[in-house]
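In the working numbering, the protein residues as written are 185 to 503.
Here is the structure:
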């Protein structure tokens, strides 16, 4: 006798985050079958008002969505079982375009958690790769923010995701998000995460992401790399043709950012690639000059002495 599916339970949404069962299924990523056994919880019924005999063999989605909210993710699911579950939920009528309270579709969550099989399944079943949530984040933004280069490759190469979409807060592209997150992970010394983000950023740039895309403050990724003091990130951006003299809304160049924070290696790298030390920001260049005078001597181990002296001379004449 086939199991009778109660449609009210099937289409139940999490009362706080608004996730459907399909959203929740896209949060799980690793090995095991726990998610499936929880989802196909047969017998005791677990939602108030659904305790009639005919509803005893049901999908218990209430515990499922409670355990698999955006803030509490159960990741114990094998790729094969997870894909079968996602296909089944779609076949039961749960739309791939349904949004939670943040405006996120199931594809947003698959991208956020790096669940490749789920993302591929959703895209094949008609999920829109460029849909934005209430904050302007597309699945590509979330994959970039959390360092999932395999998801980015699927979205960009397989389904034509738009590399130029920007978020509402900050106006970030996927590349600028990846660059910023890479810098942050350098700071907290998460080396494995750093490697993932570096690969992510490199793939985005190789795929044609605008290396000079500006956020709402006019900053390009090189501004952030210079401010955080990460030479490897800056060198990668320079290799892909970033503008070393780009100015933000306050007239700051990457060199201003590096000098103000005392990033001597970054100053050396930028100067060696054509950064102009005479550009003035809106607050004048006097503070910049004082910082660079005290710090630039430390660049001698990274730069030719002649270049160091030329730079100091040009700064003095600019004053």
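From the three backbone atoms N, C-alpha and C, an ideal C-beta is built for every residue, glycine too.
Being a predicted model, the structure only gives us computed values, none of them experimental.
Inset, instruction - Starting from the C-beta of residue 463, find all residues in its chain whose C-beta is less than 8 Å away, skip the five residues before and the five after it, and write them out in chain order. - result: On the chain shown, position 279 is the one that residue 463 refers to. Result list for residue 463: 429, 431, 435, 437, 439, 440 and 469, in chain order.
Inset, instruction - Please determine, among 456, 446, 452 and 207, the residue with the shortest C-alpha to C-alpha distance to residue 299. - result: Here residue 299 refers to the residue found at position 115 of the chain shown. Of the listed residues, the one whose Cα sits closest to residue 299 is 207.
Legend entry - Backbone CA spacing between residue 425 and residue 396 [nearest angstrom]: As a first step, residue 425 is located in the chain shown; it is residue number 241 there, counting from the start. As a first step, residue 396 is located in the chain shown; it is residue number 212 there, counting from the start. Between the alpha carbons of residue 425 and residue 396 lies a distance of about 8 Å.
Inset, instruction - Run through the stretch 394-450 for me and flag every whole alpha helix (DSSP H) of 4 or more residues, listed as ranges in chain order. - result: Note on the stretch 394-450: whole alpha helix (DSSP H) runs with a minimum of 4 residues are 405-412, 415-423 and 438-444, in chain order.
Legend entry - Beta-carbon proximity check, residue 266 vs residue 209, cutoff 8 Å: The sequence position of residue 266 within the chain shown is 82, counting from 1. The sequence position of residue 209 within the chain shown is 25, counting from 1. Yes.
Inset, instruction - Report back the beta-carbon spacing between residue 274 and residue 296 to the nearest angstrom; my notes put them in contact at under 8 Å. - result: Your numbering for residue 274 matches position 90 in the chain shown. Your numbering for residue 296 matches position 112 in the chain shown. Their Cβ separation, rounded to whole angstroms, is 19 Å, which puts residue 274 and residue 296 out of contact at 8 Å.
Inset, instruction - Give the single residue among 331, 288 and 306 whose Cα lies nearest to the Cα of residue 319. - result: Walking along the chain shown from the start, residue 319 turns up at place 135. Out of 331, 288 and 306, 288 has the C-alpha closest to the C-alpha of residue 319.
Legend entry - C-beta contact flag for residue 447 and residue 413 at 8 Å: Within the chain shown, residue 447 is the residue found at index 263, counting from 1. Within the chain shown, residue 413 is the residue found at index 229, counting from 1. Yes. Within cutoff.
Inset, instruction - Enumerate in chain order the residues of its own chain whose CB-to-CB distance from residue 271 is below 7 Å, with the five nearest sequence positions on each side excluded. - result: For this step, residue 271 is matched to residue 87 along the chain shown. Cβ neighbours of residue 271 beyond the five flanking positions: 305.
Legend entry - Proximity winner among 356, 405, 314 and 351, relative to residue 338 (alpha-carbon distances): Taking the chain shown and counting its residues from 1, one reaches residue 338 at position 154. The residue among 356, 405, 314 and 351 with its C-alpha nearest the C-alpha of residue 338 is 314.
Inset, instruction - Look up residue 313 in the DSSP assignment and say whether it is helix, strand or coil. - result: Within the chain shown, numbered from 1, the residue matching residue 313 stands at position 129. Residue 313 falls in the coil class under three-state DSSP.
Legend entry - For residue 296, the three-state DSSP class (helix, strand or coil): Your numbering for residue 296 matches position 112 in the chain shown. It is helical.
Legend entry - Candidates 465, 445 and 419: closest to residue 458 by CA position: The residue given as residue 458 occupies position 274 in the chain shown. For the set 465, 445 and 419, the Cα lying nearest the Cα of residue 458 is the one of 419.
Inset, instruction - For the alpha helix (DSSP H) containing residue 192, list its first residue and its last residue. - result: Your numbering for residue 192 matches position 8 in the chain shown. For residue 192, the uninterrupted alpha helix (DSSP H) run begins and ends at 191-194, by DSSP.
Inset, instruction - Keeping to the same chain, check which residues put their C-beta closer than 6 Å to that of residue 311; ignore five residues upstream and five downstream. - result: Along the chain shown, read from residue 1 onward, the residue named residue 311 stands at position 127. Taking C-beta separations shorter than 6 Å and ignoring five residues to either side along the sequence, the partners of residue 311 in its chain run 280 and 291, following chain order.
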